[in-house]
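**Q**
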């Protein structure tokens, strides 16, 4: 299979993609969350929000975590609108969020034209208990479809996932488990194109290649674009795949 990794701003790159050229959109955008007030959300880095103080790892920060609630919804709506244009009929968009941003994510998905079809919980067993209340052990995958699902496909996927964040060889602050991503990318038809406008360390792309799908990714951070490129190239060359990227 092939991949292309664009290096740059997600919205700028999405506007260059041809109409009806991708078969699934699976992405984990910056949540712009992690605080009760606007200053809480906008005044701290991604690392400060999502990494526990005293953590042993020293993973790099990433951009895009400085939007307030209104600008986040407007920005995400515009991104998902461009993704909708680039998607074929019956394509599915699956967007990660936390509990704070799940309502806004479902709003943006619908405002962009997708038919909201559900919210899938990702349950993380290895989370800290919360004294006096319920622990926050889940993130969410809000998904929708362009038009209707392709009922001709003999496909049945789970309605929830259970997996802890990667611990061994972790390379990104918010890295998602490849075992979850491999199941998600199956919503894309075989030999179809999976688009991830926020590639990060490349987990969606690695999963797409392993499942026999083509991959188009976008990453703004030079550091994480390099990490993703190494992972994608390693995955692609393991099976003698032909490379279509990355861009210079």
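Residue numbers (the numbering used here): -6 to 241.
Each residue gets a CB set at the ideal place from its N, CA and C atoms; glycine is no exception.
Just checking, does the region 87 to 101 make contact with the region 119 to 128 on the three C-beta pairs under 8 angstroms criterion?
**A** Because the criterion of three Cβ pairs below 8 angstroms is not met, the region 87 to 101 and the region 119 to 128 do not touch.
**Q** Can you give, in chain order, each stretch of the alpha helix (DSSP H) that sits fully within the region 154 to 188 and has at least 4 residues?
**A** The qualifying runs are 171 to 177.
**Q** Here's the rule I'm using: 16 or more other beta-carbon atoms within 10 Å means buried, otherwise exposed. How should residue 208 be labelled?
**A** Its Cβ being crowded by 16 or more others within 10 Å, residue 208 is buried.
**Q** Quick check: the Cα distance between residue 227 and residue 73, rounded to an integer number of angstroms?
**A** Between residue 227 and residue 73, the C-alpha separation is close to 30 angstroms.
**Q** Return the bridge partner residues of residue 87 from the DSSP annotation.
**A** DSSP lists 19, 136 as partners of residue 87.
**Q** Starting from residue 77, trace the alpha helix (DSSP H) both ways and give me its first and last residue.
**A** Taken as a continuous stretch (DSSP letters only), the alpha helix (DSSP H) holding residue 77 covers 62 to 79.
**Q** Which residue or residues does DSSP assign as beta-bridge partners of residue 131?
**A** Bridge partners of residue 131: 116.
**Q** Hey, how far is the Cα of residue 13 from the Cα of residue 79?
**A** Near 5 angstroms, if we compare the C-alpha coordinates of residue 79 and residue 13.
**Q** Give the DSSP-derived three-state secondary structure of residue 26 in the structure shown.
**A** Correct three-state label for residue 26: coil.
**Q** Identify whether residue 196 lies in helix, strand or coil by the three-state DSSP scheme.
**A** Residue 196 falls in the helix class under three-state DSSP.
**Q** For residue 62, which residues in the same chain have their Cβ closer than 7 angstroms to its Cβ, ignoring the five residues on either side in sequence?
**A** 97, listed in sequence order.
**Q** Just how far apart, CA to CA, sit residue 23 and residue 90?
**A** When rounded, the distance between both Cα atoms is 8 angstroms.
**Q** How many angstroms separate the CA atom of residue 141 from the CA atom of residue 130?
**A** Approximately 31 angstroms between the Cα atoms of the pair.
**Q** In the DSSP assignment, the beta strand (DSSP E) including residue -4 goes from what residue to what residue?
**A** First-last of the beta strand (DSSP E) with residue -4: -4 to 0.
**Q** For the beta strand (DSSP E) that contains residue 212, what are its first and last residues?
**A** Element bounds for residue 212: 207 to 212.
**Q** Which of the three DSSP states, helix, strand or coil, is assigned to residue 228?
**A** Looking at residue 228 - three-state DSSP - the assignment turns out to be helix.
**Q** Considering only their Cβ atoms, is the gap separating residue 18 from residue 84 smaller than 8 angstroms?
**A** In contact: residue 84 and residue 18 (Cβ atoms closer than 8 angstroms).
**Q** To the nearest angstrom, how far is the alpha carbon of residue 119 from that of residue 157?
**A** Distance between the alpha carbons of residue 119 and residue 157: 6 angstroms.
**Q** Buried or exposed: residue 26, going by 16 or more other Cβ atoms within 10 Å of its Cβ?
**A** Residue 26 should be labelled buried.
**Q** Do the CB positions of residue 203 and residue 185 come within less than 8 angstroms of each other?
**A** It is not a contact, given that the beta carbons lie outside the stated cut-off.
**Q** In whole angstroms, what is the alpha-carbon distance linking residue 101 and residue 8?
**A** Going by the C-alpha atoms only, they are around 18 angstroms apart.
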